[in-house]
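>
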Amino acid sequence: MQQGTLMRKVKSKSWKKQRYFKLQDDCMTIWYQSKRTGKIESAFSISDVETVREGHQSEVLQSLAEEFPPERCFTIVFYGRRGNLDLIAGSAEEAQCWVQGLRQLIEPRSFPLTSSLVSCTWIRDWFQKADKNKDGRMNFKEVQRLLKMMNVDMNEDHALRLFQAADKSESGTLEGEEFVLFYKALTQREEVLSLFQDFSEDGKKLTLLELVDFLQQEQLEDEGTEELAMELIDKYEPSETARARHALSADGFLMYLCSPEGSVFNPHHQVLWQDMSQPLCHYFISSSHNTYLIEDQIRGQSSIEGYIRALKRGCRCLEVDCWDGPNGEPMVYHGHTFTSKIPFREVVSTLGKYAFKVGHPSPHTGCHGWPSAGRGDEALVVLAPSSAGFRGDRKSHGGEGHPKVPTSAPPTLQELKHKILLKGKKIGRLEDMLDGPGDEVPDVSDDDNGAEVEEERRRAKVGGTQHGPALQKDKESLAQALSDCVVYCKSVSFRGFQEARSHSRPSEISSLAEAKARKLIRDAGNEFVRHNTWQLTRIYPSGMRTDSSNYSPQEMWNVGCQIVALNFQTAGTEMDLCDGLFSQNGRCGYVLKPPFMRDKETVFNPSDPSSWEGPGPTTLTIQVISGQQLPKVANSKDGAIIDPLVRVEIHGVPADQARQETKYIENNGFNPRWDETLQFQLHVPELALVRFVVEDYDKTSRNDFVGQFTLAFANIKPGYRHIHLLSKDGTSIPPSSLFVHIRITE
Numbered sequence: 001m002q003q004g005t006l007m008r009k010v011k012s013k014s015w016k017k018q019r020y021f022k023l024q025d026d027c028m029t030i031w032y033q034s035k036r037t038g039k040i041e042s043a044f045s046i047s048d049v050e051t052v053r054e055g056h057q058s059e060v061l062q063s064l065a066e067e068f069p070p071e072r073c074f075t076i077v078f079y080g081r082r083g084n085l086d087l088i089a090g091s092a093e094e095a096q097c098w099v100q101g102l103r104q105l106i107e108p109r110s111f112p113l114t115s116s117l118v119s120c121t122w123i124r125d126w127f128q129k130a131d132k133n134k135d136g137r138m139n140f141k142e143v144q145r146l147l148k149m150m151n152v153d154m155n156e157d158h159a160l161r162l163f164q165a166a167d168k169s170e171s172g173t174l175e176g177e178e179f180v181l182f183y184k185a186l187t188q189r190e191e192v193l194s195l196f197q198d199f200s201e202d203g204k205k206l207t208l209l210e211l212v213d214f215l216q217q218e219q220l221e222d223e224g225t226e227e228l229a230m231e232l233i234d235k236y237e238p239s240e241t242a243r244a245r246h247a248l249s250a251d252g253f254l255m256y257l258c259s260p261e262g263s264v265f266n267p268h269h270q271v272l273w274q275d276m277s278q279p280l281c282h283y284f285i286s287s288s289h290n291t292y293l294i295e296d297q298i299r300g301q302s303s304i305e306g307y308i309r310a311l312k313r314g315c316r317c318l319e320v321d322c323w324d325g326p327n328g329e330p331m332v333y334h335g336h337t338f339t340s341k342i343p344f345r346e347v348v349s350t351l352g353k354y355a356f357k358v359g360h361p362s363p364h365t366g367c368h369g370w371p372s373a374g375r376g377d378e379a380l381v382v383l384a385p386s387s388a389g390f391r392g393d394r395k396s397h398g399g400e401g402h403p404k405v406p407t408s409a410p411p412t413l414q415e416l417k418h419k420i421l422l423k424g425k426k427i428g429r430l431e432d433m434l435d436g437p438g439d440e441v442p443d444v445s446d447d448d449n450g451a452e453v454e455e456e457r458r459r460a461k462v463g464g465t466q467h468g469p470a471l472q473k474d475k476e477s478l479a480q481a482l483s484d485c486v487v488y489c490k491s492v493s494f495r496g497f498q499e500a501r502s503h504s505r506p507s508e509i510s511s512l513a514e515a516k517a518r519k520l521i522r523d524a525g526n527e528f529v530r531h532n533t534w535q536l537t538r539i540y541p542s543g544m545r546t547d548s549s550n551y552s553p554q555e556m557w558n559v560g561c562q563i564v565a566l567n568f569q570t571a572g573t574e575m576d577l578c579d580g581l582f583s584q585n586g587r588c589g590y591v592l593k594p595p596f597m598r599d600k601e602t603v604f605n606p607s608d609p610s611s612w613e614g615p616g617p618t619t620l621t622i623q624v625i626s627g628q629q630l631p632k633v634a635n636s637k638d639g640a641i642i643d644p645l646v647r648v649e650i651h652g653v654p655a656d657q658a659r660q661e662t663k664y665i666e667n668n669g670f671n672p673r674w675d676e677t678l679q680f681q682l683h684v685p686e687l688a689l690v691r692f693v694v695e696d697y698d699k700t701s702r703n704d705f706v707g708q709f710t711l712a713f714a715n716i717k718p719g720y721r722h723i724h725l726l727s728k729d730g731t732s733i734p735p736s737s738l739f740v741h742i743r744i745t746e
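Under UniProt numbering, residues 1 to 746 are what the sequence shown spells out, in order.
Encoded structure:
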């Protein structure tokens with residue numbers, strides 16, 4: 001790998017360019033250069049790579065399957081929304097060399113990293129960035145450049161003192177351990193040391209009993225604290241002598257606070273911790289809209305990558321719009337637009353590979369369109385994850401080993417484990433499936449294809465040209481074989497809550513556009529909550545959102561809507577909320593609704609929480625203490641240093657919506673200190689999400705985004721905690737963090 005390999009970089013079936021790829025000596029950077037010009041075209045860091053896929057596992061490589069064998073092909077997948085890199089090696093041996101080599105380099109990240117490992121990796125990265133002449137030493141000029149790169153605006157005299165103190169060899173340069181000493185002096189955490197000394201009698205260590213006092217008084221640990229203290233010492237104390245004496249040094253104390261046990265996110269809630277035996281309608285379900293699109297809704301690219309990314313984020317409800325294709329093969333794309341198309345069979349294959357790789361083996365729901373006389377009608381088919389494709393089998397809907405067709409009660413998650421449900425229209429009643437197909441004409445006026453959507457399509461018609469098929473309301477007969485596959489998610493039009501109570505069944509589902517849902521929330525909030533205690537509701541974005549923007553999911557969750565579909569490809573506050581809610585419970589994509597949202601007789605109305613006899617307001621107090629190694633703003637000028645501020649946002653019922661922010665700290669993104677306290681009153685904390693945002697203050701224009709972290713209020717761990725920031729794409733940006741102190745009182 002380090003000698004350089006000639007490979008084909010592929011962007012399309014006709015775009016194949018030969019490039020030299022080489023792993024740099026630092027084993028952290030890969031660059032590639034043009035064979036023709038010799039010019040280095042691009043480089044990426046190993047830390048940017050999420051995974052490596054072998055064979056034809058992208059649309060581009062699948063299109064070249066007849067030309068190049070899978071043994072020579074592989075795909076490098078990056079974090080965030082950066083496009084994948086498809087490569088074809090000269091031989092199977094070269095491909096394996098790269099695949100295995102890359103996997104070995106990125107594999108350590110799949111294991112929990114201690115703070116010391118993160119710190120060592122980070123020190124090495126900074127050293128390599130600042131060592132311009134690559135001589136393995138760093139003079140004071142290079143150190144000054146490094147400080148600018150690290151967002152540090154330090155007095156030159158102070159920086160020189162730190163440099164000279166670390167230069168033990170008095171050579172005028174820093175190398176190896178000398179640079180480590182300099183880095184540790186630079187990153188000294190005075191606020192953590194002060195906290196440590198508050199509980200340490202001799203100021204040098206915490207005894208076992210002193211650590212227990214800290215855990216009980218400040219971290220509010222109330223069970224097994226002595227055992228927990230022993231575990232923390234064994235896990236995070238770097239000194240063998242201190243471990244043997246059951247003591248924690250200042251370094252060990254800092255490592256604990258930076259660890260998962262010291263995170264603001266309750267580690268017990270990161271695993272599967274909720275009751276998974278409730279009916280399907282009792283859960284919020286992570287859901288995507290037009291999953292196949294990775295760009296806009298009109299001309300954007302359709303890709304199986306959309307499905308892979310959504311499934312890896314724990315998404316449980318996917319959308320597949322299927323239309324007539326060449327030679328009778330169905331294609332997936334956004335109908336009546338100029339989006340690209342992907343074969344339906346590739347989508348099926350992708351779902352088979354990735355459907356149950358993340359989290360709990362809970363069911364998936366899929367919304368599908370099927371070709372009929374040139375248009376897409378919603379239909380439903382069943383995919384077994386191990387099968388070669390979709391198949392409909394009426395025997396699988398009841399009988400031994402399968403839950404019976406529901407009549408009065410919806411199925412539970414436990415009953416639906418390892419299954420895939422597909423939302424669609426149906427001929428006749430669901431119960432008739434046990435005795436044979438019915439003769440009832442299907443209702444094809446589901447809101448997804450009804451007058452409201454047709455009106456939106458009319459208003460958003462492409463290029464001002466009206467397309468006849470997009471506005472025709474074709475009520476063709478639904479294929480019996482497809483109808484027979486409908487099990488628990490029969491699509492029905494929503495004609496009011498009273499109509500639903502009188503005629504609907506728990507096995508049915510209605511889809512509502514965001515505007516219609518908002519009107520129902522305003523006019524009949526409590527009825528909406530009650531409706532969602534026994535039947536599924538799906539919300540989807542307005543057809544006017546051609547840029548793939550998102551609406552706020554919070555207002556839909558406030559009334560218990562289970563399937564709130566968002567455009568996963570678009571970063572922003574809305575997706576931060578989605579990721580924040582579903583980051584708990586093992587990231588399985590299902591979050592149990594609060595008890596008062598599962599009671600059919602509930603009086604809860606999110607617009608008037610006083611009507612609900614809850615426990616009373618909860619006070620959330622957050623002291624924002626400091627920040628650590630905040631990233632520079634993208635595309636900022638050389639030498640620019642951020643002026644960070646922290647904003648805390650509460651997203652919940654209308655009465656709880658709030659935001660407060662700290663002052664900004666001028667020219668310090670490395671170790672800013674705020675020491676400011678923010679306080680919030682929460683009337684319905686069970687529905688609240690808390691979003692921490694760091695921005696670069698700009699007095700002349702809009703502040704720039706630096707990082708964020710969002711979590712459900714129920715998952716907050718009180719005490720002194722670190723908040724590990726995420727990028728706009730939702731990926732980790734270590735070691736950037738905030739240090740806070742949190743108190744919750746009722």
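Built from N, CA and C at the ideal position, the CB exists for glycine as well.
1. Please report how far the alpha carbon of residue 245 lies from the alpha carbon of residue 79, in whole angstroms.
2. Can you tell which of 719, 578, 573 has the C-alpha that lies nearest to the C-alpha of residue 564?
3. Going by beta-carbon coordinates alone, are residue 698 and residue 571 separated by less than 8 Å?
4. Taking just the CA atoms, how far does residue 233 sit from residue 193?
5. Give every residue of the same chain whose Cβ lies closer than 8 Å to the Cβ of residue 216, excluding the five residues on either side of it in the sequence, and list them in chain order.
6. Would you kindly report the start and end of the unbroken beta strand (DSSP E) that includes residue 565?
7. Kindly indicate which residue of 531, 534, 580 has the alpha-carbon position closest to the one of residue 553.
8. When DSSP labels each residue in this structure, what does residue 8 get in the three-state scheme?
9. Rounded to whole angstroms, what is the Cα-Cα separation between residue 532 and residue 281?
10. Are there 16 or more other CB atoms within 10 angstroms of the CB of residue 130, so buried, or fewer, so exposed?
11. Considering only residues of the same chain and omitting the five flanking positions on each side of residue 292, which have a CB-CB separation below 6 Å?
12. Looking at the structure shown, is residue 86 part of a helix, part of a strand, or coil, going by DSSP?
13. Among residues of its own chain, excluding the 5 on either side of residue 137, which ones have a beta-carbon nearer than 6 Å to its beta-carbon?
14. Taking C-alpha atoms, which residue in 356, 9, 720, 492 lies nearest to residue 423?
15. Mapping DSSP to helix, strand and coil, what is residue 98?
16. Using 8 Å for Cβ pairs, my map puts residue 715 next to residue 265. What's the rounded Cβ distance?
17. Less than 8 Å between the C-beta atoms of residue 721 and residue 259, yes or no?
18. What do you get for residue 517, buried or exposed, if any count of 16 or more other CB atoms within 10 angstroms of its CB means buried?
19. By a C-beta neighbour count over all protein chains shown, 10 Å radius and 16 as the cutoff for buried, is residue 141 buried or exposed?
20. Assuming residue 185 contacts residue 162 under a Cβ cut-off of 8 Å, what Cβ separation, rounded to an integer in Å, is found between them?
21. Return the residue from the list 677, 299, 157 that minimises the CA-CA distance to residue 338.
22. Is it right to say residue 645 is buried, meaning 16 or more other beta carbons lie within 10 angstroms of its own, or is it exposed?
23. With a threshold of 7 Å on Cβ separation, who are the neighbours of residue 103 within its own chain once the five nearest residues in sequence on each side are excluded?
24. Whole angstroms are fine: how far does the CA of residue 659 sit from the CA of residue 67?
25. Which residues does DSSP list as the beta-bridge partners of residue 53?
26. Give me whichever residues DSSP pairs with residue 44 in a beta bridge.
27. What are the partner residues of residue 292, as DSSP defines its beta bridges?
28. Who are the near neighbours of residue 500 in its chain, counting only those whose CB is closer than 8 Å to its CB and skipping five residues on each side?
29. For residue 225, does the three-state DSSP call read helix, strand or coil?
30. Report the residue ranges of all alpha helix (DSSP H) runs contained in full by the segment 207-295; include only those spanning at least 4 residues, in chain order.
31. Take the Cβ of residue 315 as the centre, count every other Cβ of all protein chains shown within 10 Å, and call the residue buried at 16 or more, exposed below.
32. Along the chain, where does the alpha helix (DSSP H) containing residue 518 start, and where does it finish?
On the basis of the coordinates in this document:
1. Here residue 245 refers to the residue found at position 245 when the sequence shown is read from its first residue. Here residue 79 refers to the residue found at position 79 when the sequence shown is read from its first residue. Cα to Cα, the separation comes out at about 43 Å.
2. Translated into positions along the sequence shown, residue 564 becomes position 564. Put simply, of 719, 578, 573 the residue whose alpha carbon is nearest the alpha carbon of residue 564 is 578.
3. Translated into the one-based positions of the sequence shown, residue 698 becomes position 698. Translated into the one-based positions of the sequence shown, residue 571 becomes position 571. Contact: no.
4. Within the sequence shown, residue 193 is the residue found at index 193, counting from 1. Within the sequence shown, residue 233 is the residue found at index 233, counting from 1. A direct Cα-to-Cα measurement between residue 193 and residue 233 gives close to 17 Å.
5. As a first step, residue 216 must be located in the sequence shown, where it is residue number 216. Same-chain partners within the cutoff: 222, 225.
6. Taking the first residue of the sequence shown as position 1, residue 565 is located at position 565. Unbroken beta strand (DSSP E) run through residue 565: 563-566.
7. For the purposes of this step, residue 553 is taken as the residue at position 553 of the sequence shown. Among 531, 534, 580, the Cα nearest to that of residue 553 is on 580.
8. Along the sequence shown, one-based indexing puts residue 8 at 8. It is a strand residue.
9. Taking the first residue of the sequence shown as 1, we reach residue 532 at position 532. Taking the first residue of the sequence shown as 1, we reach residue 281 at position 281. Going from the Cα of residue 532 to the Cα of residue 281 covers about 7 Å.
10. Position 130 of the sequence shown, counting from 1, holds the residue named residue 130. Of the other Cβ atoms in all chains shown, 16 or more fall within 10 Å of the Cβ of residue 130; this residue is therefore buried.
11. For this step, residue 292 is matched to residue 292 along the sequence shown. Once the five neighbours on either side are set aside, the close Cβ partners of residue 292 are 302, 306, 332.
12. For the purposes of this step, residue 86 is identified with residue 86 of the sequence shown, where counting begins at 1. Here residue 86 sits in strand by DSSP.
13. Residue mapping note: residue 137 aligns to position 137 of the sequence shown, counting from 1. Cβ neighbours of residue 137 beyond the five flanking positions: 173, 175.
14. The residue given as residue 423 occupies position 423 in the sequence shown. Here the closest residue by C-alpha is 492.
15. For the purposes of this step, residue 98 is taken as the residue at position 98 of the sequence shown. Judged by DSSP in its simplified three-state form, residue 98 adopts helix.
16. For the purposes of this step, residue 715 is taken as residue 715 along the sequence shown, with counting starting at 1. For the purposes of this step, residue 265 is taken as residue 265 along the sequence shown, with counting starting at 1. Separation of the CB atoms of residue 715 and residue 265 is rounded to 6 Å, and the pair is thereby assigned contact status at 8 Å.
17. Working through the sequence shown from its first residue, we reach residue 721 at position 721. Working through the sequence shown from its first residue, we reach residue 259 at position 259. The answer is no: Cβ separation not under 8 Å.
18. For the purposes of this step, residue 517 is taken as the residue at position 517 of the sequence shown. Label assigned to residue 517: buried.
19. Here residue 141 refers to the residue found at position 141 when the sequence shown is read from its first residue. Counting Cβ neighbours within 10 Å, residue 141 comes out exposed, since fewer than 16 surround it.
20. Residue numbering aside, residue 185 sits at position 185 when the sequence shown is read from its first letter. Residue numbering aside, residue 162 sits at position 162 when the sequence shown is read from its first letter. Yes, they are in contact, since the Cβ atoms of residue 185 and residue 162 sit about 5 Å apart, within 8 Å.
21. The residue you call residue 338 lines up with position 338 of the sequence shown. Nearest option by C-alpha distance: 299.
22. The sequence position of residue 645 within the sequence shown is 645, counting from 1. Residue 645 is classed as buried because its beta carbon has at least 16 other beta carbons within 10 Å across all chains shown.
23. Indexing the sequence shown from 1 puts residue 103 at position 103. 52, listed in sequence order.
24. As a position in the sequence shown, residue 67 is number 67, starting the count at 1. As a position in the sequence shown, residue 659 is number 659, starting the count at 1. Going by the C-alpha atoms only, they are around 57 Å apart.
25. Working through the sequence shown from its first residue, we reach residue 53 at position 53. Residue 53 is bridged to 75.
26. As a first step, residue 44 must be located in the sequence shown, where it is residue number 44. For residue 44, which the question treats as bridged, DSSP gives the partners 30.
27. Stepping through the sequence shown from its first residue, residue 292 is reached at position 292. Answer is none; residue 292 lacks a bridge partner.
28. As a first step, residue 500 must be located in the sequence shown, where it is residue number 500. 494, 510, 531, 535.
29. As a working mapping, residue 225 is identified with position 225 in the sequence shown. Correct three-state label for residue 225: helix.
30. With a minimum length of 4 residues, the continuous alpha helix (DSSP H) runs that stay inside the segment 207-295 are 208-217, 225-236, 240-244, 250-257.
31. By one-based count along the sequence shown, residue 315 stands at place 315. So residue 315 ends up on the buried side.
32. For the purposes of this step, residue 518 is identified with residue 518 of the sequence shown, where counting begins at 1. 514-523 is the span of the alpha helix (DSSP H), which, as asked, contains residue 518.
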